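Colleague: Please find one structure pasted underneath; my questions will follow.
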Amino acid sequence: MTDVVLPCLNEAPALPGLLSRMPAGYRVIVADNGSTDGSAEVARDLGAYVVTVPQPGYGAAVHAGILAASPSRCSSGSSSASSAAEDDGIVCVMDADGSFDPAELPLVADPVRAGAARLVLGRRRPVTRGAWPPHARLGNAILASRLRRTTGLPVHDIGPMRAARRDDLLSLGLRDRRFGYPLELLIAAARAGWTVTEVDVAYHPRAAGTHSKVTGTVRGTARAIRDMSAVLAR
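Mapping the sequence shown onto UniProt numbering, position 190 (from 1) lands on 190, and the numbers just tick up by one.
Here's what the structure looks like:
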């Protein structure tokens with residue numbers, strides 16, 4: 001069983017479609033970060049495990065979800081059916097706004113499971129022109145370029161879809177609880193000598209009725225870039 005952490009702030013309209021498309025063997029943890037639209041109740045009604053996260057911030061929600069995920073209980077080298085059903089200790093993180101297809105989660109989880117990488121990122125490939133606003137795409141490209149120069153990691157997207165093992169993520173001791181969390185993760189992974197890879201994933205317009213806290217506005221994107229730039233300056 002693989003856990004999927006969905007950091008969530010007012011994503012109720014997206015959750016039914018999102019949870020209905022989860023592949024078999026993937027268990028949902030909704031890290032509710034102060035939603036006022038009933039997201040937590042919707043998620044519970046759909047069978048998801050909900051963690052209430054009082055501290056505001058993307059990083060706070062992701063960290064709480066990872067803490068709630070299950071550590072590995074698989075026996076090394078075992079091929080029995082019962083062992084295969086045990087928790088594999090892998091945690092995927094994905095936005096809860098409907099912009100990603102849960103059916104693609106194995107693309108990021110399987111290389112970690114196979115030992116081919118310690119961290120796998122989903123590199124966003126927009127399916128429509130409006131899926132990824134130009135200001136957000138430009139800001140992401142600038143940050144990714146700086147990251148490649150400073151760490152040598154072959155990454156092109158500081159993306160919100162990723163997979164790694166729970167124990168590995170916690171071992172990094174990440175501190176950022178805002179939008180700088182994804183960048184801090186990559187910097188820490190590079191310093192720890194992790195193998196980090198990217199796979200292409202489809203990036204869709206967010207579900208109707210939801211509103212972006214970052215990419216939907218220039219102000220939100222600027223705030224995220226500010227948080228991430230502060231991480232780069234440490």
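A virtual CB, placed ideally from N, CA and C, is assigned to each residue, including glycine. Since this is a predicted model, take the numbers as computed values, not measurements.
Would the beta-carbon of V196 fall within 8 Å of that of A117?
Modeller: As a working mapping, residue 196 is identified with position 196 in the sequence shown. As a working mapping, residue 117 is identified with position 117 in the sequence shown. Against a cut-off of 8 Å, the Cβ pair of A117 and V196 comes out as a contact.
Colleague: Assign P160 to buried or exposed, taking buried as 16 or more other Cβ atoms, counted over all protein chains shown, within 10 Å of its Cβ.
Modeller: Position 160 of the sequence shown, counting from 1, holds the residue named residue 160. P160 is buried by the Cβ-count criterion.
Colleague: Please specify which runs of the beta strand (DSSP E), each continuous and at least 3 residues long, are wholly inside the stretch 68-128, giving them in chain order.
Modeller: For the stretch 68-128, whole beta strand (DSSP E) runs of length 3 or above, ordered along the chain, are 90-93 and 119-126.
Colleague: Take V231 and list the residues in its own chain whose beta-carbon comes closer than 8 Å to its own, dropping the five residues that flank it on each side.
Modeller: Position 231 of the sequence shown, counting from 1, holds the residue named residue 231. Answer for V231: D176, G180, L183, E184 and I187, listed in chain order.
Colleague: Can you give the Cα-Cα distance for C92 and L170, rounded to whole angstroms?
Modeller: Position 92 of the sequence shown, counted from the start, is the residue given in the question as residue 92. Position 170 of the sequence shown, counted from the start, is the residue given in the question as residue 170. Distance between the alpha carbons of C92 and L170: 14 Å.
Colleague: Thinking A68 and V42 are a contact (beta carbons under 8 Å), I'd like their distance in whole angstroms, please.
Modeller: Translated into the one-based positions of the sequence shown, residue 68 becomes position 68. Translated into the one-based positions of the sequence shown, residue 42 becomes position 42. No, A68 and V42 are not in contact; Cβ-Cβ is about 18 Å, not under 8 Å.
Colleague: If we ignore side chains and look at the alpha-carbon of each, how far apart do V28 and Q55 end up?
Modeller: The residue labelled residue 28 in the question sits at position 28 within the sequence shown. The residue labelled residue 55 in the question sits at position 55 within the sequence shown. V28 and Q55: Cα-Cα distance of roughly 20 Å.
Colleague: Between V30 and A14, which are expected to be in contact by the criterion C-beta below 8 Å, what is the C-beta distance as a whole number of angstroms?
Modeller: The count along the sequence shown starts at 1 and reaches residue 30 at position 30. The count along the sequence shown starts at 1 and reaches residue 14 at position 14. Not a contact, Cβ separation roughly 11 Å.
Colleague: Could you name the residues of the same chain whose beta carbon sits closer than 6 Å to that of S82, not counting the 5 residues immediately before and after it, in chain order?
Modeller: In the sequence shown, the residue the question calls residue 82 occupies position 82. Confidence in S82 is poor, its pLDDT being 40 and thus under 50, which makes the residue's placement unreliable; the coordinate value appears in the next sentence. Cβ neighbours of S82 beyond the five flanking positions: none.
Colleague: Cβ atoms of Y26 and L107: under 8 Å apart, would you say?
Modeller: Translated into positions along the sequence shown, residue 107 becomes position 107. Translated into positions along the sequence shown, residue 26 becomes position 26. No, they are not a contact pair.
Colleague: In the DSSP assignment, find the unbroken beta strand (DSSP E) run with L6 in it and report its ends.
Modeller: Taking the first residue of the sequence shown as position 1, residue 6 is located at position 6. L6 -> beta strand (DSSP E) spans T2 to C8.
Colleague: What are the partner residues of Y203, as DSSP defines its beta bridges?
Modeller: Position 203 of the sequence shown holds residue 203. Paired residue(s): P126.
Colleague: Give the DSSP-derived three-state secondary structure of D157 in the structure shown.
Modeller: The sequence position of residue 157 within the sequence shown is 157, counting from 1. It is coil, neither helix nor strand.
Colleague: Does the Cβ of A136 have 16 or more other Cβ atoms within 10 Å, making it buried, or fewer, making it exposed?
Modeller: Position 136 of the sequence shown, counted from the start, is the residue given in the question as residue 136. So A136 counts as buried.
Colleague: Can you look up T197 in the DSSP assignment and give me helix, strand or coil?
Modeller: Taking the first residue of the sequence shown as 1, we reach residue 197 at position 197. Strand.
Colleague: Please report the distance separating the alpha-carbon of Y49 from that of L19.
Modeller: Mapped onto the sequence shown, residue 49 falls at position 49. Mapped onto the sequence shown, residue 19 falls at position 19. Looking at the two C-alpha atoms, the distance is approximately 11 Å.
Colleague: How big is the Cα-Cα spacing for D95 and G152?
Modeller: For the purposes of this step, residue 95 is taken as residue 95 along the sequence shown, with counting starting at 1. For the purposes of this step, residue 152 is taken as residue 152 along the sequence shown, with counting starting at 1. So the alpha carbons of these two residues sit roughly 26 Å apart.
Colleague: Please report the residue range of the alpha helix (DSSP H) in which V42 lies.
Modeller: For the purposes of this step, residue 42 is taken as the residue at position 42 of the sequence shown. From DSSP, the alpha helix (DSSP H) with V42 extends over S39 to D45.
Colleague: Might you give, ordered along the chain, the residues of its own chain that have their beta carbon closer than 6 Å to the beta carbon of L119, omitting 5 neighbours on each side?
Modeller: In the sequence shown, residue 119 corresponds to position 119, counting from 1. For L119, where only same-chain residues beyond five positions count, the Cβ hits under 6 Å are A164, A189, W194 and V196.
Colleague: Where does P154 land, buried or exposed, given buried means 16+ other C-beta within 10 angstroms?
Modeller: Within the sequence shown, residue 154 is the residue found at index 154, counting from 1. So P154 ends up on the exposed side.
Colleague: Would you mind reading off the limits of the beta strand (DSSP E) that contains D32?
Modeller: Within the sequence shown, residue 32 is the residue found at index 32, counting from 1. It spans Y26 to D32 - the beta strand (DSSP E) in which D32 sits, taken as one unbroken run.
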